[in-house]
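S.K.: So the sequence lines, in the order shown, correspond to chains A and B. Heads up, the first sequence stops at 388 in the working numbering, and the numbers go up one at a time, no gaps. Heads up, the second sequence stops at 388 in the working numbering, and the numbers go up one at a time, no gaps. Structure provided below as structure tokens; questions to follow.
Protein chains: 2
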Amino acid sequence: MTNVYVHGVGMTQFGTFVDRTMKDLLLDACIQALNEAGNPKVDAVYVGNFMGGSIYNQEILGAIVANELGLGFIPTAKVEGACASGGIAVRQGVLGIQSGEYETVLVAGVEKMKHASTADVTQAINAAMDNDSNEKRAGLTFPGFFGVLANRYFYETGASKKHLAMVALKNRENAMQNPLAQFRKPATLEEIMEARMITNPLGLFDCSPMTDGAAAIVLSSKKSPVHVRSSAQSSGPTQMQDADDLLSIPAIKESGRLAYEKAGVGPEDIDVVEIHDCFSMTEMLAIEELGFFAKREGWKAIEEGRTKVIGDKPVNTSGGLLSRGHPIGATGISQLYQLVHQLRGTAPNQVEGNPRLALAQNLGGTGSYSVVHILERV
Amino acid sequence: MTNVYVHGVGMTQFGTFVDRTMKDLLLDACIQALNEAGNPKVDAVYVGNFMGGSIYNQEILGAIVANELGLGFIPTAKVEGACASGGIAVRQGVLGIQSGEYETVLVAGVEKMKHASTADVTQAINAAMDNDSNEKRAGLTFPGFFGVLANRYFYETGASKKHLAMVALKNRENAMQNPLAQFRKPATLEEIMEARMITNPLGLFDCSPMTDGAAAIVLSSKKSPVHVRSSAQSSGPTQMQDADDLLSIPAIKESGRLAYEKAGVGPEDIDVVEIHDCFSMTEMLAIEELGFFAKREGWKAIEEGRTKVIGDKPVNTSGGLLSRGHPIGATGISQLYQLVHQLRGTAPNQVEGNPRLALAQNLGGTGSYSVVHILERV
């Protein structure tokens, strides 16, 4: 199997950029990544994006990147897998290189959301649920889904809303040190606990925001110091009613299991982690499903500060989706941006001890998709 | 390089299916293809789709297929490249198998358009133009674009509207024999020439319709009688103003050149062809760009009947986009459906002489994407 390496990463400021076009953000991240990679000949482009068609009337993002950057008449495509679009796009880049068709691939992700109303974005996001499901017809939304899971988690464990708030606080504190993060204003546990309720028990700080932003990564079979040790992806039930266990997200568990198996490592070997915390509750479940902590005991690890930058399993040192921001198509790639910097020793909230193995997990839908990439400093 | 073979194909009736959901169409085509393939273990699913998000509020099609068909927690994704979404999805399936990650991949394409107004569909299709271009801002549409090319073609050659009508008539006559085609009503050259004008000189019969439909294909590294001899893709300018020559679509030419090079064959070796005739004018240019006829002389070949089923280079024996229909994400895969049947000797409008090599070309945008697959009977 051909080895795949990271040659460059790029990322825009995440936030509200009403005056910047989606193309502008996308190209900005791409140019950064290409510059870092020494502007190599690029053989293909993949772009992760979710709602360019529905709320921005812009598709053909692959061709736009190739044309605007003068990359030549190379193959390009957009990849969609809801909020996992970015991670899945990276995986297509890895497979394209492993197929022997491409030596070097540019993968970018972008989303432009802040120009649209919350109602329009909510409607667009609901395209990540199955239209034919009773749940969608009944009006279930993503905060509603993860709110149900949170209540169930409280019921089955000793956890409470305070533990969710501790996740949100940790990620906010991390974001405060990340110059590219959307939310850098300090918050307190009390403020988070008392914030406006979105869906019981999830308050404003428990939910990832609408964000404009882009991120990019250059992958190549040529050797470099950061190796993509494994790439794994799984799907799972698209409806809550099909879950065997409300506190399990099979796509996360299975994508993690596969990624560890391929890499020949276990959760105990991972030095630094970026997880898909679309809600504080999602981070709680993901740290369990990925095997970092025992099932139904993630809340104890949170309470003990084990997922903090100074903990034994630092999670979301970028600030995560909750505070770095969640420009949907860009999210999976921005996770890798942070991890590449962690492995280089140049990250905001740099983890001590020269981390060698880093894991990114990107979720789509209510568990329809999960992608895990394990990066290694070589 | 791993060889990739076709194990099964499926396709729904193309037409107006207001009472069928997108999921229903999609699964119908998938089940047909899987049944034909003997219901193998599937390792990944790719779905080509363009406007599921914008006019149907349904994304996550990959996960929906895996879940509904009980394929397990396998990797899935949607692929978008405007009207080339289906062909690009097939290419991802080929690359996935060549990477060694997958043995068998299900690739499907679907579009649901007829429930929406023409205005909404036109708006959604315009997402395949660059928002930042003066052309899009000025109100250029796809019929407008190809209308300009047709007028230029008339100006530079001896062709006239009659030659476009001959393309449309040929494809209608082919569709009349294809039970899955959208338009099977006979038409005459006069009727086509005198039909309602859409954009001068393109009349109603020169423009592909809005269509509901789905198609699917099962690919595998296990040997079967139909071999994917080559897969090639290119991008090209996203704006008319960037064209060096209005009568050249570089993505088509380059994807063809690459496909021939990889297959070690030339245009003269191809026995039967499906081309992306989104407009009659597009077929005229594509038969030249793919090297079947000399530049600016395609109209003579049309006049001589050389692209008819009984001609020396049969093009669009299915009826093409113009009359078989153009459910965008499904189109590239429906081309392969027809060609697989041609190679098996079971196609409507079966070409005589046991065709051995077949070529499909799928276009996206005004030339932003082109994918070519060459299939071989082995």
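In this text, a Cβ means the ideal position worked out from N, Cα and C, and glycines have one as well.
If you reduce the DSSP assignment to three classes, tell me which class Val89 (chain A) lands in.
M.R.: Three-state DSSP puts Val89 (chain A) in a strand.
S.K.: Do Phe156 (chain B) and Met291 (chain B) have their CB atoms nearer than 8 Å?
M.R.: Yes, the pair counts as a contact, with Cβ atoms nearer than the cut-off.
S.K.: Looking at chain B, is there any beta carbon in it that lies within less than 8 Å of the beta carbon of Gln251 (chain A)?
M.R.: Not an interface residue.
S.K.: Are Phe152 (chain A) and Ala178 (chain A) touching if we call contact CB-CB under 8 Å?
M.R.: Cβ distance not < 8 Å, so Phe152 (chain A) and Ala178 (chain A) don't count as in contact.
S.K.: In chain order, what residues of the same chain have a beta carbon less than 7 Å from the beta carbon of Ser245 (chain A), not counting five sequence neighbours either side?
M.R.: These residues qualify, in order along the chain: Ala261, Ser378, Tyr379.
S.K.: Taking Cβ-Cβ distances shorter than 8 Å, what residues in chain A pair up with Thr31 (chain B)?
M.R.: The contacting residues are Asn141, Asp142.
S.K.: At the 8 Å Cβ level, is Ser218 (chain B) part of the contact set with chain A, yes or no?
M.R.: Answer no: the Cβ-Cβ gap between Ser218 (chain B) and chain A never drops below 8 Å.
S.K.: Taking its Cβ as the centre, do 16 or more other Cβ atoms sit within 10 Å of Glu121 (chain B), making it buried, or is it exposed?
M.R.: The residue is buried, with at least 16 neighbouring Cβ atoms inside 10 Å.
S.K.: Determine the closest residue to Ile384 (chain A) out of A:Thr317, A:Leu268, A:His336, with distance taken between C-alpha atoms.
M.R.: For the residues A:Thr317, A:Leu268, A:His336, the minimum Cα distance to Ile384 (chain A) belongs to A:Leu268.
S.K.: Would you list the one or two residues that DSSP bridges to Ser244 (chain A)?
M.R.: Per DSSP, A:Ser380.
S.K.: So the alpha helix (DSSP H) Tyr163 (chain A) belongs to, where does it begin and stop?
M.R.: 152-166 is the extent of the alpha helix (DSSP H) around Tyr163 (chain A).
S.K.: Is the shortest distance between the beta-carbon of Thr248 (chain A) and the beta-carbons of chain B less than 8 Å?
M.R.: It does: the Cβ of Thr248 (chain A) has a partner Cβ on chain B nearer than 8 Å.
S.K.: If I follow the unbroken alpha helix (DSSP H) through His173 (chain A), where does it start and stop?
M.R.: 171-186 is the extent of the alpha helix (DSSP H) around His173 (chain A).
S.K.: So, is Tyr165 (chain A) buried or exposed, given that buried needs 16 or more other C-beta atoms within 10 angstroms?
M.R.: That one is exposed.
S.K.: What in chain A is Cβ-close to Phe83 (chain B), meaning under 7 Å?
M.R.: Simply Ser244, Ser245, Gly246, Pro260, Ala261, Glu264.
S.K.: If you measure beta-carbon to beta-carbon, which residues of the stretch 177-209 of chain A are closer than 9 Å to chain B?
M.R.: From the stretch 177-209 of chain A, no residue has a Cβ closer than 9 Å to chain B.
S.K.: Within its chain, find whatever has a CB closer than 6 Å to the CB of Gly18 (chain A); leave out the 5 residues flanking it on each side and keep chain order.
M.R.: Ala43, Glu46, Ala47, Val228, listed in sequence order.
S.K.: Please give me, in chain order, every unbroken run of the beta strand (DSSP E) with length at least 3 that falls completely inside the stretch 197-261 of chain B.
M.R.: Segments of the beta strand (DSSP E) lying fully in the stretch 197-261 of chain B: 207-209, 223-230, 236-245.
S.K.: Can you tell me where the alpha helix (DSSP H) with Ala76 (chain B) in it begins and where it stops?
M.R.: Here the alpha helix (DSSP H) through Ala76 (chain B) covers 71-78.
S.K.: Does the Cβ of Met11 (chain B) have 16 or more other Cβ atoms within 10 Å, making it buried, or fewer, making it exposed?
M.R.: Classification of Met11 (chain B): exposed, given that the 10 Å Cβ count is below 16.
S.K.: Please name the residues in the stretch 333-356 of chain A whose beta-carbon is closer than 9 Å to at least one beta-carbon of chain B, in chain order.
M.R.: Within the stretch 333-356 of chain A, no residue has a Cβ that lies closer than 9 Å to any Cβ of chain B.
S.K.: Across the stretch 130-148 of chain A and the stretch 54-70 of chain B, are there enough close Cβ pairs to call them in contact, namely three or more that are closer than 8 Å?
M.R.: A contact exists between the stretch 130-148 of chain A and the stretch 54-70 of chain B.
S.K.: Which chain B residues sit within Cβ distance under 7 Å of Gly106 (chain A)?
M.R.: Near Gly106 (chain A) (Cβ distances below 7 Å), the residues of chain B are Leu105.
S.K.: Counting contacts by CB-CB distance shorter than 8 Å, is Val89 (chain B) in contact with chain A?
M.R.: For Val89 (chain B), the answer is yes, since a Cβ of chain A falls inside 8 Å of its Cβ.
S.K.: Cβ closer than 8 Å: which chain B residues qualify as neighbours of Met291 (chain A)?
M.R.: What Met291 (chain A) touches in chain B: nothing, since even the nearest Cβ is about 20 Å away.
S.K.: How would you list, in chain order, the residues of chain B whose beta-carbon sits under 7 Å from the beta-carbon of Met11 (chain A)?
M.R.: Neighbours of Met11 (chain A) on chain B, chain order: Gly110.
S.K.: If contact means a Cβ-Cβ distance below 8 Å, which residues of the stretch 366-377 of chain A contact chain B?
M.R.: From the stretch 366-377 of chain A, only Gly374, Gly375 have a Cβ closer than 8 Å to chain B.
S.K.: Could you tell me if Ile320 (chain A) is buried or exposed, where buried requires 16 or more neighbouring beta carbons within 10 angstroms of its beta carbon?
M.R.: So Ile320 (chain A) ends up on the exposed side.
S.K.: Could you tell me whether the Cβ atoms of Val389 (chain A) and Ser328 (chain A) are closer together than 8 Å?
M.R.: As shown, chain A starts at 11 and ends at 388. That puts residue 389 (chain A) outside it, with no answer to give.
S.K.: Taking a contact to mean a Cβ-Cβ separation below 8 Å, would you say Thr221 (chain B) touches Met123 (chain B) in this structure?
M.R.: Cβ distance < 8 Å, so Thr221 (chain B) and Met123 (chain B) count as in contact.
S.K.: Val131 (chain B) by DSSP, collapsed to three states: which one?
M.R.: Here Val131 (chain B) sits in helix by DSSP.
S.K.: Can you list, in chain order, the residues of its chain whose CB lies under 8 Å from that of Ala73 (chain A), leaving out five sequence neighbours each side?
M.R.: Same-chain partners within the cutoff: Thr86.
S.K.: Could you name the residues of the stretch 65-83 of chain B whose beta carbon sits closer than 7 Å to any beta carbon of chain A, in the order they occur along the chain?
M.R.: Taking 7 Å as the Cβ-Cβ cut-off against chain A, the residues of the stretch 65-83 of chain B that qualify are Asn67, Gln68, Glu69, Ile70, Gly72, Ala73, Ile74, Ala76, Asn77, Phe83.
S.K.: Where does the unbroken alpha helix (DSSP H) through Gly63 (chain A) begin, and where does it stop?
M.R.: Unbroken alpha helix (DSSP H) run through Gly63 (chain A): 62-66.
S.K.: I'd like the list of long-range same chain contacts for Thr376 (chain A), defined as Cβ closer than 6 Å, with 5 residues on each side in sequence excluded.
M.R.: Answer for Thr376 (chain A): Phe155, listed in chain order.
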